[in-house]
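Enquirer: Please see the structure below; I have some questions.
In this note's numbering, the protein residues as written are 749 to 1188.
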């Protein structure tokens, strides 16, 4: 006899599947970034995909109002965050309304992914969508580098440019550091796809994608992105297998290796590129670039006491969104934005908003960690470990950049909640199962 749950699942399976394909298409287009600004009205596909996914979910619910809606308790923290941030953003003018809509849309994105994903394969499909889109951009970058064909010239934005005597991968973002955040997802995703793929031919393709990621991340010159990507890859390896003391020791050893790589790789690439072209101008700019990279931490530390002073003066509500440049005029600082996800929220929206944001993330990360531990199937565990690892890598990058403005950041969090939902279906799980068996 057919149970009501099976009946509802069968009736709404098509619309749930449609949501997954919409999110996969969204993930595919994200690496194309600023090129989408040339679309009508400058609306990106990601901005269209979120309401389209919500509309599809409403259709699914309308087909059977008995459809069970799932939620996670940590969303209450995100709701508190929205309550404290949206009024400030809306009062700041029309330009900020888009950001307000995005913050609301990210909540809807998390809701849709959480309810639509019925299998780990659905989540992996979305990850593959991003990987294919990112691989396409990296291949186009290679064609541009070897001067075979540059698709970016059609949009007035070449993919690879020679600047200061070195080649810089601009990709689809005007800021190479902004483009670098895609590697925080791309490199761990490449590792996970190699682990999960059974076909040798397809696995070879993902290995090539991994090599492209390793080459591309070096020429972005973003140390925080390199650190986030390498840490995400190390975390993926640590979480996808059975955790024991040997694996834990190796993981601890890998952390300083990630840090050293993040600091040394950009300088090595700059020096190597400039050594090939020894013109005096290039040598001068080479040293300027190295000095800028070395001074980046100093600039951020210089901003820190100013940020603390602003927060002390506006602890509850923050400053008016978009007013930071005006407030910074009396201060002698060299940067006009916090370049830190937590300072950004505290300055603009106040300490209570930061509390809700941190509460949301902390609860989500802990829940995802325990959800990953309880998954016994190897392929499913790889998917869950991947999303947790990428989120931690994004937060490391968030210490140096305001990464919460990225649609990819929130898509990964949405998929992380989807894996938590699937893991929660295991009713036989207990914390005791994580402990080694007792000797009788």
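Quick reminder that beta carbons are idealized off the backbone N, C-alpha and C, glycines included.
1. Figure out for me which residue from 796, 768, 836 has the closest Cα to the Cα of residue 808.
2. For residue 821, count neighbouring Cβ atoms within 10 angstroms of its own Cβ and tell me buried if that reaches 16, exposed if not.
3. Is it true that the CB of residue 1059 sits closer than 8 Å to the CB of residue 1094?
4. Let me know if residue 1125 comes out buried or exposed under the rule of 16 or more other beta-carbons within 10 Å of its beta-carbon.
5. For residue 1159, which option in 834, 835, 859 has the closest C-alpha, if you only look at C-alpha atoms?
6. Closer than 7 Å by C-beta to residue 1138: which residues in its own chain qualify, once you throw out the five before and the five after it? Chain order, please.
7. So what does DSSP say about residue 1052, is it helix, strand or coil?
8. Give every residue of the same chain whose Cβ lies closer than 6 Å to the Cβ of residue 897, excluding the five residues on either side of it in the sequence, and list them in chain order.
9. Give me the Cβ distance between residue 1004 and residue 969, rounded to the nearest whole Å; I'm assuming they're in contact under 8 Å.
10. Write down every uninterrupted run of the alpha helix (DSSP H) in the region 1094–1134 whose length is 4 residues or greater and which is fully enclosed by it, in chain order.
11. How many angstroms separate the CA atom of residue 1110 from the CA atom of residue 1104?
12. Would you report the Cα separation of residue 856 and residue 1156, rounded to the nearest angstrom?
13. By DSSP, does residue 992 sit in helix, in strand, or in coil?
14. Measure the C-alpha to C-alpha separation of residue 1169 and residue 862 and round it to an integer number of angstroms.
15. Residue 1002: which of 959, 864, 985 sits nearest, CA to CA?
16. Do you know offhand how far residue 1066's Cα is from residue 1096's?
17. Compute the Euclidean distance between the alpha carbons of residue 824 and residue 987, then round it to the nearest angstrom.
18. Taking C-beta to C-beta, are residue 865 and residue 1130 nearer than 8 Å?
Expert: According to the structure data:
1. As a working note, residue 808 is residue 60 in the chain shown. For the residues 796, 768, 836, the minimum Cα distance to residue 808 belongs to 768.
2. The count along the chain shown starts at 1 and reaches residue 821 at position 73. The residue in question, residue 821, is exposed, as its Cβ has fewer than 16 Cβ neighbours within 10 Å.
3. Residue 1094 sits at position 346 when you count from the first residue of the chain shown. Residue 1059 sits at position 311 when you count from the first residue of the chain shown. Result yes, Cβ atoms of residue 1094 and residue 1059 sit closer than 8 Å.
4. Within the chain shown, the letter at position 377 stands for residue 1125. Residue environment: residue 1125 is assigned as exposed (fewer than 16 neighbouring CB atoms within 10 Å of its CB, all protein chains considered).
5. In the chain shown, counting from the first residue as 1, residue 1159 sits at position 411. If we check each option's Cα against that of residue 1159, 859 comes out closest.
6. Here residue 1138 is taken as the residue at index 390 of the chain shown, counted from 1. Within the same chain, and ignoring the five residues on either side of residue 1138 in sequence, the residues whose Cβ sits closer than 7 Å to its Cβ are 932, 933, 936, 980, 1160.
7. For the purposes of this step, residue 1052 is identified with residue 304 of the chain shown, where counting begins at 1. It is helical.
8. Position 149 of the chain shown, counting from 1, holds the residue named residue 897. If we look at residue 897 and ignore the five residues flanking it on each side, its Cβ neighbours are 891.
9. Along the chain shown, one-based indexing puts residue 1004 at 256. Along the chain shown, one-based indexing puts residue 969 at 221. The Cβ separation is near 21 Å, so there is no contact.
10. 1099–1122
11. Numbered from its first residue, the chain shown carries residue 1110 at position 362. Numbered from its first residue, the chain shown carries residue 1104 at position 356. Our two residues, residue 1110 and residue 1104, have alpha carbons roughly 10 Å apart in a direct line.
12. Counted from its first residue, the chain shown places residue 856 at position 108. Counted from its first residue, the chain shown places residue 1156 at position 408. Roughly 14 Å separates the two Cα atoms.
13. On the chain shown, position 244 is the one that residue 992 refers to. In this structure, residue 992 counts as coil in the three-state DSSP scheme.
14. Position 421 of the chain shown, counted from the first residue, corresponds to residue 1169. Position 114 of the chain shown, counted from the first residue, corresponds to residue 862. Distance between the alpha carbons of residue 1169 and residue 862: 7 Å.
15. Working through the chain shown from its first residue, we reach residue 1002 at position 254. Here the closest residue by C-alpha is 985.
16. One-based indexing of the chain shown puts residue 1066 at position 318. One-based indexing of the chain shown puts residue 1096 at position 348. In a straight line, the C-alpha of residue 1066 is about 5 Å away from that of residue 1096.
17. As a working note, residue 824 is residue 76 in the chain shown. As a working note, residue 987 is residue 239 in the chain shown. Whole-angstrom Cα-Cα distance: 28 Å.
18. To locate residue 865, count along the chain shown from 1; it is residue 117. To locate residue 1130, count along the chain shown from 1; it is residue 382. No, these two residues do not count as a Cβ contact at 8 Å.
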